[in-house]
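Numbering (our numbering), first residue to last: 1 to 282. No residue lacks a Cβ here, since even glycine has one placed at the ideal position from N, Cα and C.
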């Protein structure tokens, strides 16, 4: 998930080829569009007409971003073409040259498996990394940077994993995951049990939450941990079917479990803490 940089796209393609999916951030796209809407769409001596024209452009562009299928996308594009091709050639040419050739990178029609559509999470994480680990300094030597990431940042992740596994702190869920958890929690216990069918110790079948749907999804479990679901929205996030399985089964089933690796991580964390403490005395 990146902004609209053609240079960055080319660098990723050259380094990783087709093994990596590149998606463009909707927020950055809309900001670029807004700049050209205000610059290229003008009507003299008609403020109300200008406002309607620009709102029409925003509406059609947003419709193309959030189109559910290719038929809808083509329909919205044709409406956009009829509106702007003849009378606003600069704006229309900008869109055709800059955005239509890479529509598969920004329209939801071609990225339906994506669980998010902006780079806000990446930028938020980068901000925390700079604030809490790098002290907002750009002057770090490469060995210092590697040390901070491998010894400090990784240890903090392992500590959080251990604390969540032991029930010391709750798992950190995204807003989307919290909404899905609340949907699953709203289902009564007996109804939840009736929606789940056990195939074996590693697989469970979960009925769709929509009564009119006959879809059945496979929820997988490993080491007593709910790890995945075959539903369309499950893409490295926790879906409502996974939460429903947790609700319908015993409390021993968790999203993460304390393992030998976690224990070793705890020992390593304690070792680094003692080492830093000793070094600070000298």
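**Asked** Buried or exposed: residue 161, going by 16 or more other Cβ atoms within 10 Å of its Cβ?
**Response** buried
**Request:** Drop a sphere of 10 angstroms on the beta-carbon of residue 285, count the other beta-carbons inside from all chains shown, and report buried for 16 or more, exposed for fewer.
**Result:** Nothing can be reported for residue 285: it is not among the residues displayed for the chain, which extend from 1 to 282.
**Prompt:** Three or more C-beta pairs closer than 8 Å, one from the stretch 169-177 and one from the stretch 219-232: is that the case here?
**Reply:** They do not touch, by the three-pair rule.
**Message:** Is any non-hydrogen atom of the ligand PLP found closer than 6 Å to the C-beta of residue 130, if you look at the structure I gave you?
**Reply:** Inclusion of the ligand PLP in the displayed structure is not the case, the ligand content being empty and no account of it being possible.
**Request:** Kindly indicate which three-state DSSP category residue 172 falls into: helix, strand or coil?
**Result:** Collapsing the DSSP output to three states places residue 172 in coil.
**Request:** Check the C-beta distance from residue 53 over to residue 41 and give it rounded, since I have them as a contact under 8 Å.
**Result:** 6 Å
**Prompt:** From which residue to which residue does the beta strand (DSSP E) around residue 8 run?
**Reply:** Here residue 8 belongs to no beta strand (DSSP E); instead the alpha helix (DSSP H) covers 6-16.
**Asked** Are at least three pairs of beta-carbons, each pair with one atom in the stretch 95-106 and one in the stretch 22-33, less than 8 Å apart?
**Response** A contact exists between the stretch 95-106 and the stretch 22-33.
**Request:** Determine the closest residue to residue 202 out of 222, 214, 217, with distance taken between C-alpha atoms.
**Result:** 222
**Asked** How long is the line joining the alpha carbons of residue 193 and residue 240, rounded to whole angstroms?
**Response** 14 Å
**Message:** Quick check: what's the CA-CA separation for residue 115 versus residue 237?
**Reply:** Roughly 8 Å between the two C-alpha positions.
**Prompt:** What number of angstroms, rounded off, separates the C-alpha of residue 97 from the C-alpha of residue 69?
**Reply:** 22 Å
**Request:** Could you give the DSSP three-state label for residue 209: helix, strand or coil?
**Result:** coil
**Item:** Neighbourhood of residue 2 by C-beta distance below 6 Å, restricted to the same chain and skipping five residues each side
**Value:** Hits under 6 Å: 8.
**Request:** Can you grab the Cα-Cα spacing for the pair residue 84 / residue 153, in whole Å?
**Result:** Their backbone Cα atoms lie some 51 Å apart in a straight line.
**Message:** Less than 6 Å between C-beta atoms, sequence neighbours within five positions excluded: which residues of the same chain meet that for residue 204?
**Reply:** 196, 198, 219, 245
**Request:** Check residue 35 in the structure and name its three-state DSSP category.
**Result:** helix
**Asked** Under the DSSP definition of a beta bridge, which residues are partnered with residue 222?
**Response** 225
**Request:** Give the DSSP-derived three-state secondary structure of residue 198 in the structure shown.
**Result:** In the three-state scheme derived from DSSP, where H, G and I count as helix and E and B as strand, residue 198 is classed as strand.
**Request:** Between the Cα of residue 93 and those of 110, 124, 37, spot the shortest distance and give me the residue it belongs to.
**Result:** 37
**Request:** Pull up the distance between the alpha-carbon of residue 80 and that of residue 27, whole angstroms please.
**Result:** 20 Å
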